[in-house]
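In my numbering, the protein residues as written are 2 to 345.
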C-alpha cells in the first residue's frame, strides 16, 4: 500500500510483481550469500597463506587468515597482515575488492529494504495524513471515477484535496499524474479507509465497477464515518435501494441517467444539451448547492440574487420552486441554484 503526493513529472513503468518469498526467507538468502562469499575468500587465503605476512609475529595461523578475511571484506584492512606476493595482491585487487563492494551493497540494500524504506514510508504517510482534512475520497479510478476527478479539478478542486483508492497500479499512476494523493489497497477493509482519514473527509465517491463491491465499500465507509456524505454508482436498478440502506447519501445510476437524456431529447432537441450543460464544468451554466445566507432568511426562493433558485432541501425534504413553502426561506435550508459558469 502506498500513500503519497507526487513530485515527479516523468514516471518509468517497470514490469514487477510481489515477491513470493516471505520476509525471513528474503533476509535469509542475503545472509547466506554473504557467508558464502566470505567462505570463498577464506578458503583462498588459507590455501595461499604463503602470500601473506604478519607484521606482528611473522606467523600466519588459521585465526590470522580468518581475521584478515573478515577485515579485508568489511574494510581496507589495518596493515598488520598484508599480501606480499604478486598473486596475493592480484587476488585482493581482482576478487576481494568486488566482493567487498557486493557485501556492502547487500548490507545497504537490506537496511533500505527492511528498515529505512519502511521508516521513510511511515514518516511520509504520517505527514500527508496530517494534511488530510475536508478532503474528497474517490474509491475506484475506472471510467466513472477518473472522469469525476477530472471534473472536480476542472471546477476548481485542488488535486491535493483528492485521495484516490484503487487496486490497480496503472490507474493510480494516472491519478498520480493528475496531482492526487493515491493509496493502493482494498477499500472494503477498515484499515484502508482509516489510513485516508475518512472521518475527516468532506465527501466519499464510490465507483468500484461492480455493484456488490460498491455497496460493501459503502457499508464499511458508513461504519467508520457516520456523517460523511457518500455518493455511489450502481448499474442495476434493483441495487439502488440496497445502496441507500448501506448508507449512501446519493445513488447514481448511469444507465437511468442516459435514459433520461434520451427521453428529454425526444421532447425537444435542446433539452438533453442543457442537462449536459448543467452537469459539466465546461457548460455555460452550472448547478450549485449551498446553505441559505442570513440575509436571505424570510425571503422567497425567487428573491435570491446569486443565481436562479430551483430547489430547497429542508430537513431532508425536497421543496420545488413552485411549492408554497418556497415562498419563505428558513435558517438551515440548502439551496440548489443555477449559476453562470465562473470564467477563468
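Ideal Cβ positions, reconstructed from N, Cα and C, are used throughout, including at glycine.
Return the chain-ordered list of same chain residues with a C-beta closer than 8 Å to the C-beta of residue i, the five sequence neighbours on each side being excluded.
i, result
"residue 85", "52, 53 and 54"
"residue 198", "130, 133, 134 and 136"
"residue 81", "55, 56 and 57"
"residue 195", "225"
"residue 161", "6, 132, 180, 181 and 182"
"residue 200", "225, 226 and 229"
"residue 68", "82"
"residue 278", "284, 285 and 286"
"residue 97", "42, 73 and 74"
Residues in its own chain within less than 7 Å of residue i by CB, not counting five upstream and five downstream?
i, result
"residue 10", "Model confidence at residue 10 stands at a pLDDT of 32, short of 50, so the residue's coordinates are unreliable; what they give is reported in the following sentence. Around residue 10: no qualifying Cβ."
"residue 90", "84"
"residue 252", "233, 235, 241, 244 and 245"
Cα-Cα, which of the options is closest to residue i?
i, options, result
"residue 225", "59, 239 and 193", "193"
"residue 250", "196, 236 and 229", "229"
"residue 44", "157, 70 and 57", "70"
"residue 189", "209, 179, 175 and 204", "209"
"residue 46", "33, 35, 62 and 36", "62"
"residue 285", "146, 340 and 108", "340"
"residue 74", "35, 302, 139 and 216", "35"
"residue 172", "140, 83, 247 and 72", "140"
"residue 40", "26, 100 and 60", "100"
"residue 174", "202, 142 and 151", "142"
"residue 106", "342, 31 and 220", "31"
"residue 48", "26, 152, 110 and 88", "88"
"residue 301", "185, 325 and 290", "325"
What residue range is occupied by the uninterrupted alpha helix (DSSP H) comprising residue i?
i, result
"residue 233", "Careful: residue 233 lies outside any alpha helix (DSSP H), inside the beta strand (DSSP E) at 231 to 234."
"residue 64", "63 to 75"
"residue 342", "Segment: none, residue 342 is in no alpha helix (DSSP H) and carries neither H nor E."
"residue 218", "212 to 225"
"residue 154", "144 to 155"
"residue 331", "Careful: residue 331 lies outside any alpha helix (DSSP H) and carries neither H nor E."
"residue 228", "Residue 228 -> no alpha helix (DSSP H), and no H or E assigned at all."
"residue 173", "170 to 178"
"residue 97", "Here residue 97 belongs to no alpha helix (DSSP H), and DSSP marks it neither H nor E."
Can you name the start and end residues of the beta strand (DSSP E) that residue i belongs to?
i, result
"residue 287", "286 to 292"
"residue 194", "Looking at the DSSP string, residue 194 is not in any beta strand (DSSP E); the run it does join, the alpha helix (DSSP H), is 191 to 196."
"residue 252", "251 to 253"
Using DSSP's beta-bridge definition, name the partner residues of residue i.
i, result
"residue 84", "53"
"residue 204", "137"
"residue 315", "318"
"residue 337", "290 and 312"
Tell me whether the beta-carbon of residue i lies closer than 9 Å to the beta-carbon of residue j.
i, j, result
"residue 335", "residue 292", "yes"
"residue 322", "residue 333", "no"
"residue 288", "residue 337", "yes"
"residue 240", "residue 216", "yes"
"residue 327", "residue 294", "no"
"residue 146", "residue 102", "no"
"residue 347", "residue 314", "In this structure the chain extends from 2 to 345, so residue 347 is not present and cannot be described."
"residue 165", "residue 176", "yes"
"residue 168", "residue 191", "no"
What does a CB cutoff of less than 6 Å around residue i pick up in its chain, not counting 5 residues either side in sequence?
i, result
"residue 223", "248"
"residue 202", "136, 138 and 229"
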